[in-house]
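Quick notes on the structure that follows.
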Amino acid sequence: MPITLLYHDVVRAGREDSSGFVGAGAARYKLTLSEFQSHLAHLDQAASSAPTVTAADPTWQLTFDDGGVSAATCIADALDSRNWKGWFFITTDRIGTPGFVSRTQILDLHQRGHVIGTHTCSHPHPFSRVPFEQQSAEWRDSRRALEDILGTAVTAGSVPGGAYSDAVGRIAAEAGLRTLFNSEPTTTIHRADQCDIQGRYTIYRGMTALQAAALLESPWSRRRQSFLWSAKKLAKSAGGATYLRLRETLLRRAYAPVS
1 MPITLLYHDV
11 VRAGREDSSG
21 FVGAGAARYK
31 LTLSEFQSHL
41 AHLDQAASSA
51 PTVTAADPTW
61 QLTFDDGGVS
71 AATCIADALD
81 SRNWKGWFFI
91 TTDRIGTPGF
101 VSRTQILDLH
111 QRGHVIGTHT
121 CSHPHPFSRV
131 PFEQQSAEWR
141 DSRRALEDIL
151 GTAVTAGSVP
161 GGAYSDAVGR
171 IAAEAGLRTL
181 FNSEPTTTIH
191 RADQCDIQGR
201 YTIYRGMTAL
211 QAAALLESPW
221 SRRRQSFLWS
231 AKKLAKSAGG
241 ATYLRLRETL
251 LRRAYAPVS
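Just so we're aligned: 196 in the numbering used here is position 196 of the sequence shown, and the numbers increase by one with no gaps anywhere.
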């Protein structure tokens, strides 16, 4: 089963809002370029092969959510320098807006051999609570927008915020997706109709290169993230709005850009 790592944007220190979504919540997942390059170097040492972008016998994979402009301005170059390919999931309503990739950049990523997938149109969160009709439209309309750019079928996607449920998988399958990533830290792949559902291990700001590489090498490291993810899921369920307010306050304190 593949070990899949979930990255987001790569930015200059203090310029967290320059790529992707803005704010402290998004900044939690953004690395500096030097941090990212260090991650790649340690992952290269830990892995026995290059990351895969095909469904056939994947060993490990690199995915990048949101569609921030850093996908085109630095991430792809860093991957290409190692002859590595990644999965890039695009929020299509943001294409060409400040901080996000343009149509030309998306086509260039595709032509360089990276996989382009959908991250929905508008990135609603929590996605699992979005009505059926809207979920279906988010997948279908975003697929159509990307296929218009690429001239080929788009059948991969990732769930905004990782908010997954069985219904999310079924709706994605009905909308034509055949591979769907969420944010559950697991290597297990399960099926929702004709769609493969894959989990991912999230890379956070402040996670060292050694910690990222340990997710490839150490079952204990993967189990640890899985345990913490389950505990956070339980806290969300029990705390409701209070948990979300506390989380937002803590994130602002920890990750707000320094003026």
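Built from N, CA and C at the ideal position, the CB exists for glycine as well.
{"query": "Pair within 8 Å by beta-carbon distance, Ile75 and Leu146", "result": "no"}
{"query": "Per-residue DSSP class, three states only, for His8", "result": "coil"}
{"query": "Straight-line gap, Arg170 to Cys195 (C-alpha atoms, nearest Å)", "result": "8 Å"}
{"query": "Cβ contact (3+ pairs, closer than 8 Å) linking the stretch 24-42 and the stretch 104-116", "result": "no"}
{"query": "Coil, strand or helix - Asp77 by DSSP", "result": "helix"}
{"query": "Unbroken stretches of the beta strand (DSSP E), 3 residues or longer, contained in the stretch 152-196", "result": "156-158, 179-181, 189-192"}
{"query": "Spatial distance of Thr63 from Ser136 (CA atoms)", "result": "23 Å"}
{"query": "Residue range of the beta strand (DSSP E) that includes Gly25", "result": "Looking at the DSSP string, Gly25 is not in any beta strand (DSSP E); the run it does join, the alpha helix (DSSP H), is 24-27."}
{"query": "Residues bridged to Ile95 (per DSSP)", "result": "Partner(s): none; Ile95 has no beta bridge."}
{"query": "Cα-Cα separation between Ile3 and Gly113, rounded to whole angstroms", "result": "20 Å"}
{"query": "With 16 other Cβ atoms within 10 Å as the buried cut-off, status of Lys85", "result": "buried"}
{"query": "Range covered by the beta strand (DSSP E) that runs through Thr52", "result": "Neither: Thr52 is in no beta strand (DSSP E) and is coded neither H nor E."}
{"query": "Leu228 classed as buried or exposed, judged by whether at least 16 other C-beta atoms fall within 10 angstroms", "result": "exposed"}
{"query": "For Leu250, the three-state DSSP class (helix, strand or coil)", "result": "Residue confidence for Leu250 is low, a pLDDT of 49 falling below 50, so the modelled location carries little weight; the figure read from the coordinates is stated next. Residue state, collapsed to three classes: helix."}
{"query": "Alpha-carbon to alpha-carbon, Ala209 and Leu40", "result": "8 Å"}
{"query": "Rounded Cβ spacing between Ala172 and Leu180 (contact assumed at less than 8 Å)", "result": "5 Å"}
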